[in-house]
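With full-length UniProt numbering as the guide, the letters of the sequence shown map in order to residues 1 to 293. Have a look at the structure below before the remarks.
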Amino acid sequence: MKTSVLLKIKLLLILSVLIPISELFAQRLISTEIVGNGQPIILIHGMSSSKGVWDETVERYQSQYELHLVSIKGFGNKEIESSEHILAQIKNEVIQYVKDNTLTKPILIGHSMGGFLGLWAAAEEPDLFGKIVSVDGVPYFPVLQMPGITPETAQPMVDAMKAQFANSDENSARATQEMIVSTMIATDSKREKVVQMGIDSNPEVIGQAYGEMFLTDIRDKVSEIKIPVLVFGAWAAYKNYGATKESVASGYKSQLANIENVTFLLADKAYHFVFYDEPDWFYDNLDEFIATK
Numbered sequence: 001m002k003t004s005v006l007l008k009i010k011l012l013l014i015l016s017v018l019i020p021i022s023e024l025f026a027q028r029l030i031s032t033e034i035v036g037n038g039q040p041i042i043l044i045h046g047m048s049s050s051k052g053v054w055d056e057t058v059e060r061y062q063s064q065y066e067l068h069l070v071s072i073k074g075f076g077n078k079e080i081e082s083s084e085h086i087l088a089q090i091k092n093e094v095i096q097y098v099k100d101n102t103l104t105k106p107i108l109i110g111h112s113m114g115g116f117l118g119l120w121a122a123a124e125e126p127d128l129f130g131k132i133v134s135v136d137g138v139p140y141f142p143v144l145q146m147p148g149i150t151p152e153t154a155q156p157m158v159d160a161m162k163a164q165f166a167n168s169d170e171n172s173a174r175a176t177q178e179m180i181v182s183t184m185i186a187t188d189s190k191r192e193k194v195v196q197m198g199i200d201s202n203p204e205v206i207g208q209a210y211g212e213m214f215l216t217d218i219r220d221k222v223s224e225i226k227i228p229v230l231v232f233g234a235w236a237a238y239k240n241y242g243a244t245k246e247s248v249a250s251g252y253k254s255q256l257a258n259i260e261n262v263t264f265l266l267a268d269k270a271y272h273f274v275f276y277d278e279p280d281w282f283y284d285n286l287d288e289f290i291a292t293k
């Protein structure tokens, strides 16, 4: 037994000399599928989702661009990998992926959590990406619904949230997922696909990642972003709670004010999955942004 352990340690030491540490330990949480040819575009899905949310996007752009579809352990699958901070690790792995594959100024498009990660990555590596597109992802999303919240005051909610995810059974998980998705997608025919992604996800991973979204505030970092940024926002899901288009727009703009080169567009009717609810409007604006030199 002792000999076997020593051999493993020696092998690891040999590998650490032959292969950079960043390559040995990179991409523990993410994997990628590459489709198409052309300028690279990285696509990162949101919470409790998978790369399947981008099916229409792939269909539209695969003949013009090289699409790098990111999959994450525990999202849309039951895999799990221990991590002290899932979101930071995903962000770091995406950055390392771009460097390891020598991608030249890729465009990063992220939905929700993926958009947040894109903004964070661009703030930390201002020269690495070409453009960032965030689909309803902002530097600190809880503030949009709970003005005044901070990572410190959010901790009790995070603890309760993690416990709820950990203790949910299959039936309650479906009911919860259906309820959540109904507030995020206005188009009935698009809901079941995303519901199933949530059910297929690992509840422990999702609970941790949700909690980290409440505890990770990058509003003081985004001033480091120098490249063009396009942010799509949504407000229609909040109007039954007294929100107006103007009040919601103000909340987004306050979070994006420190980004030097940002374009903000607010959908009229779409919920959180803007590309499902207003696809023509979404893709017309996305086409123009990514094509602009």
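Here a beta-carbon is modelled for each residue, glycine too, at the ideal position from N, C-alpha and C.
For residue i, three-class secondary structure by DSSP
i: K221; result: coil
i: V205; result: helix
i: L266; result: strand
i: S250; result: helix
i: D57; result: Per the sequence shown, residue 57 should be read as Thr rather than Asp. Reduced to three states, the DSSP call for T57 is helix.
i: E79; result: coil
i: I30; result: strand
i: E288; result: helix
i: G242; result: coil
i: G233; result: strand
i: G115; result: helix
i: K226; result: coil
i: A121; result: helix
i: K293; result: coil
i: Q89; result: helix
i: M213; result: helix
i: G74; result: coil
i: I95; result: helix
Buried versus exposed call for residue i [16 or more other C-beta atoms within 10 Å across all chains shown]
i: E23; result: Only weak support exists for where E23 lies, its pLDDT of 43 falling under 50; the value from the coordinates is given anyway. Exposed, by the Cβ-count rule.
i: T183; result: exposed
i: S197; result: Note on residue identity: the sequence assigns Met, not Ser, to residue 197. That one is buried.
i: S82; result: exposed
i: E93; result: buried
i: P126; result: exposed
i: N167; result: exposed
i: L7; result: Its pLDDT being 44, under 50, L7 is placed unreliably by the model, and the measurement read from it follows with that caveat. Its Cβ having fewer than 16 others within 10 Å, L7 is exposed.
i: G211; result: buried
i: K91; result: buried
i: P139; result: buried
i: A121; result: buried
i: E288; result: exposed
i: G114; result: buried
i: N261; result: exposed
i: D217; result: buried
i: A270; result: buried
i: N202; result: buried
i: K73; result: buried
i: G137; result: buried
Bridge partners - residue i, DSSP secondary structure assignment
i: I107; result: I41, K131
i: H272; result: H272 pairs with nothing; no bridge assigned.
i: H68; result: I34, I42
Rounded straight-line distance, which links the Cα of residue j to that of residue i
i: V70; j: I30; result: 6 Å
i: Q155; j: K162; result: 11 Å
i: I252; j: F165; result: According to the sequence as given, residue 252 is Tyr; it is not Ile. Taking the straight line from one Cα to the other gives about 28 Å.
i: Q145; j: H68; result: 32 Å
i: A267; j: L215; result: 27 Å
i: V35; j: M47; result: 22 Å
i: P40; j: S247; result: 36 Å
i: G233; j: D169; result: 33 Å
i: I185; j: V135; result: 13 Å
i: Y241; j: P151; result: 24 Å
i: H272; j: P279; result: 12 Å
i: M179; j: I290; result: 34 Å
i: A175; j: V195; result: 9 Å
i: Q208; j: I86; result: 8 Å
i: T292; j: T263; result: 13 Å
i: E59; j: D220; result: 37 Å
i: Y276; j: H111; result: 12 Å
i: S4; j: S49; result: Reliability fails at S4, whose pLDDT of 48 lies under 50, so the model's placement of it is uncertain and the value that follows must be treated cautiously. Near 40 Å, if we compare the C-alpha coordinates of S49 and S4.
i: Y61; j: I42; result: 12 Å
i: E192; j: M213; result: 24 Å
i: L286; j: N101; result: 25 Å
i: T80; j: L230; result: Here residue 80 is Ile; the residue named in the question, Thr, does not match the sequence. Cα to Cα, I80 sits roughly 32 Å from L230.
i: V133; j: A160; result: 32 Å
i: G118; j: I199; result: 25 Å
i: A236; j: A249; result: 11 Å
i: S63; j: F75; result: 27 Å
i: T57; j: V158; result: 33 Å
i: P142; j: I149; result: 7 Å
i: I107; j: P147; result: 31 Å
i: L265; j: T153; result: 30 Å
i: A88; j: E33; result: 21 Å
i: A257; j: V222; result: 9 Å
Sequence ranges, alpha helix (DSSP H) only - wholly within the stretch 126 to 197, length at least 4: 142 to 145, 151 to 167, 170 to 182
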